[in-house]
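Input: a single structure, listed below in structure tokens.
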Amino acid sequence: MYILGISCFYHDSAACLVKDGSILAAAQEERFTRKKHDPRFPKNAIAYCLKEAGISIQDLQYLVFYDKPFLTFERLLLTYLTVAPRGLRSWLEAMPLWLGQKLYIPKVVKAETGYEGDILYTEHHEAHAASAFYPSPFEEAAILTMDGVGEWATASYGFGKGKDITLLKELHFPDSLGLLYSAFTYFTGFRVNSGEYKLMGLAPYGEPKYKKLILSELVDLKEDGSIRLNLSYFDFLGGLKMTNNRFAKLFGGPPRKPETQITQREMDIAASIQSVTEEVVMKMARYVYKETKQKNLCLAGGVTLNCVANGRILREGPFENIWIQPAAGDAGGALGAALSVWHRYLGNERANPNGEDSQMGSYLGPAFSNEKVKAFLESKGYSYHHLNSNNRSRIIAEQLSEGKIVGYMVGRMEFGPRALGARSILGDPRREDTQTVMNLKIKYRESFRPFAPSVLEEKASEYFNIDRPSPYMLLVADVKEEKRFPQPSDDGLSMLERLKVQRSDIPAVTHLDYSARLQSVNKRDKPDYHAVISEFEKLTGCAVIVNTSFNVRGEPIICTPEDAYRCFMRTEMDILVMEDCILFKEEQPSWEVEEDWRSELELD
Ligand SMILES: [Fe+2]
12 MYILGISCFY HDSAACLVKD GSILAAAQEE RFTRKKHDPR FPKNAIAYCL KEAGISIQDL
72 QYLVFYDKPF LTFERLLLTY LTVAPRGLRS WLEAMPLWLG QKLYIPKVVK AETGYEGDIL
132 YTEHHEAHAA SAFYPSPFEE AAILTMDGVG EWATASYGFG KGKDITLLKE LHFPDSLGLL
192 YSAFTYFTGF RVNSGEYKLM GLAPYGEPKY KKLILSELVD LKEDGSIRLN LSYFDFLGGL
252 KMTNNRFAKL FGGPPRKPET QITQREMDIA ASIQSVTEEV VMKMARYVYK ETKQKNLCLA
312 GGVTLNCVAN GRILREGPFE NIWIQPAAGD AGGALGAALS VWHRYLGNER ANPNGEDSQM
372 GSYLGPAFSN EKVKAFLESK GYSYHHLNSN NRSRIIAEQL SEGKIVGYMV GRMEFGPRAL
432 GARSILGDPR REDTQTVMNL KIKYRESFRP FAPSVLEEKA SEYFNIDRPS PYMLLVADVK
492 EEKRFPQPSD DGLSMLERLK VQRSDIPAVT HLDYSARLQS VNKRDKPDYH AVISEFEKLT
552 GCAVIVNTSF NVRGEPIICT PEDAYRCFMR TEMDILVMED CILFKEEQPS WEVEEDWRSE
612 LELD
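First residue of the sequence shown? That's 12 in our numbering, and the numbers climb one at a time after it.
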């Protein structure tokens, strides 16, 4: 039985195909259309899912949408009526899309795909909860979801047991931890629904000076972790902005304009809101524990991409184990909706709880065979060499150890926002210059954030203070004390100078508070990548490499050999590996640089 889940029309559209309860394929629409966070109907992602299964749209038994549009419409309508006539402009801007598409999902589905069967709907947070629990390795677990907003819910909790999920309580719009964080994302000059992770990365540079102010003026935080926002400071109800003038006054001036200098104020604001967020999340987690008495916790929703907060839940308890859906944002709603139909609606048992998770490393997207890669390279006349299984990992590891930057496209594409070694750019974490080279010559950004490390799962605890796997790069852990260097004072240094201080023997992946957003790599899910890092360790004694997503700033992560080659040639990447083919930059025919390709990308 095939069930297709769809999420779209807000941000990060996606599709997911489930066959007899197993996740067969899942992908975000942005990877195909090359438009980051593409919210449009996921036509391409659906086509890919069907192709992966070798079926047509009429072979689906169920198609399910991850959200109940009429409830969301009701929220928009009531919100508008509350603030009217203020908010008329944003209301008028939203209406055409609602009246044209969002309220008529069956019509859109039929027009776009030809599907004629019935369409089911889950609630937004039900989809998040299902995406958190069903693929998890737990037979029983508490569930906590937190995001900006679904229909009305902005957070929910409950528990899962076997095939059943019971949601106990919801927090409702406009009281939302996700919207609160996004308001600060906007205020500090980053892009809402996209720059939140930058705000998190900025936090270690600041002092949480405004924390008390936030908790006294903006947020009323209750013991159970629920919050009430003081709406007189926010503008997201009626306006087109997140915060208003009162908010600005509270923080000593207007929001930072995007792309302008980041000052100590923004760093302190980042530290403050991060600290508030962690406090809210910890209170929620403790309350959910108290109410459910479960030892395991499953998480999903955009807020749970905050891996610093996740790291705290793991370290400080009260839960023994946590599992976070790697596609924690709305893309993962497609997966949750499909699994929800299989287990909740149809009543099928889960196949393998209490074993490994069933997310398969989140390598759920398209792969391109050696034959396809070669056919592409040959049709274009691009120069390449063949790697065989005896020398493959060795050659790649040697290049990395010589300081080369390697584009790595192998196996099925990742589902979710993180690159996990299937569509990644790799480098040597020990070198002083890796961070600068990767930022300036590859990603075209001057970032204040270090890169993420990929470490052999069996060696993770030798490098980081962590006692369990972190395969999805959703946990932050500190670099081990013995790997750290004694620190001179950072006083008087600029932000980028502070970033460049060598803080450990793996400086390219160590943040200034010694934290790292690590991915542990295991043989089962990603044998090719595991082999490369193992060879790198044999050569250098270091079981860690730098892993950043295979794209430039503003571009979605690459999907196809064509995307990979284009990114390779546009940047100063030295080497490109696609399946068993290796390409050296100096052997490639000259690449005509398109004058304005970077200005076509919307900066995130
Ligand atoms: Fe959501």
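Glycine included, C-beta positions come from ideal geometry on N, C-alpha and C. Keep in mind it's a predicted model, so treat the numbers as computed, not measured.
- Remark: C-beta atoms of Gly312 and Met157 approach each other more closely than 8 Å.
- If you draw a straight line from the Cα of Glu150 to the Cα of Cys309, it is about 11 Å long.
- Around the beta carbon of Lys118, a 10 Å sphere encloses fewer than 16 other beta carbons of the protein chains shown; the residue is thus reported as exposed.
- Only exposed fits Phe81, as fewer than 16 other CB atoms lie within 10 angstroms of its CB.
- The residues Glu162, in chain order, have a CB closer than 7 Å to that of Thr83 in the same chain once the five nearest residues on each side in sequence are set aside.
- Residues Thr199, Arg267 of the same chain have their beta carbon placed closer than 6 Å to that of Glu277, with the five preceding and five following residues left out of the count.
- Pro497 and Leu523 have their C-alpha atoms roughly 12 Å apart.
- In the structure shown, Arg442 falls within a coil segment according to DSSP collapsed to helix, strand and coil.
- Taking a contact as a CB-CB distance under 8 Å, the pair Val563 and Thr582 counts as one, their CB atoms being some 6 Å apart.
- With a minimum length of 3 residues, the unbroken runs of beta strand (DSSP E) contained wholly in the segment 558-606 fall at 586-589, 592-595.
- Asn558 is the residue among Glu493, Ile66, Asn558 whose C-alpha sits nearest the C-alpha of Pro482.
- Burial check for Glu327: the Cβ neighbour count within 10 Å stays below 16, so the residue is exposed.
- Between ligand 1 and Asp341, a heavy atom-to-CB distance of less than 7 Å is present.
- Ile593 has its alpha-carbon roughly 33 Å from the corresponding atom of Ser24.
- The beta strand (DSSP E) runs lying completely inside the segment 154-191 and spanning 3 residues or more are 164-172, 175-183, given in chain order.
- In the structure shown, the three-state DSSP call for Cys309 is strand.
- If you look at Leu232, you'll find it in the beta strand (DSSP E) that goes 230-232.
- When C-alpha distances from Tyr298 are compared across Asp279, Gly358, Glu234, the shortest belongs to Glu234.
- Rounded to the nearest whole angstrom, the CA to CA distance from Ala575 to Ser500 is 41 Å.
- Of all C-beta pairs linking the segment 59-74 to the segment 35-42, three or more are shorter than 8 Å, placing the two stretches in contact.
- A Cβ-Cβ distance of about 30 Å is found for the pair Phe330 and Gly376, leaving them out of contact under the 8 Å criterion.
- In this structure, Ile517 is the residue among Lys596, Phe43, Ile517, Ser526 with its C-alpha nearest to the C-alpha of Arg442.
- Collapsing the DSSP output to three states places Thr254 in a strand.
- Note that the C-beta distance between Gln305 and Ala140 is not below 8 Å.
- In the three-state scheme derived from DSSP, where H, G and I count as helix and E and B as strand, Asp489 is classed as strand.
- Where Phe76 is concerned, the enclosing beta strand (DSSP E) starts and stops at 73-76.
- Only exposed fits Asn399, as fewer than 16 other CB atoms lie within 10 angstroms of its CB.
- Using a 10 angstroms sphere on the CB of Ser390, the tally of other CB atoms stays under 16, which defines it as exposed.
- The Cβ atoms of Cys578 and Arg42 do not sit closer than 8 Å to each other.
- At least one heavy atom of ligand 1 lies less than 7 Å from the C-beta of His135.
- In this structure, Thr445 sits away from Val490, with a CB-CB distance that is not shorter than 8 Å.
- Comparing alpha carbon positions, the residue from Phe201, Glu137, Ala164, Ser187 closest to Gly171 is Glu137.
- Under the three-state reduction of DSSP, Ser394 is assigned to coil, being neither helix nor strand.
- Per DSSP, the unbroken alpha helix (DSSP H) holding Asn55 starts and ends at 54-64.
- Using a Cβ distance threshold of 8 Å, Gly173 and Glu367 do not count as a contacting pair.
- Note on Tyr356: under 16 other CB atoms within 10 angstroms of its CB, so exposed under the neighbour-count rule.
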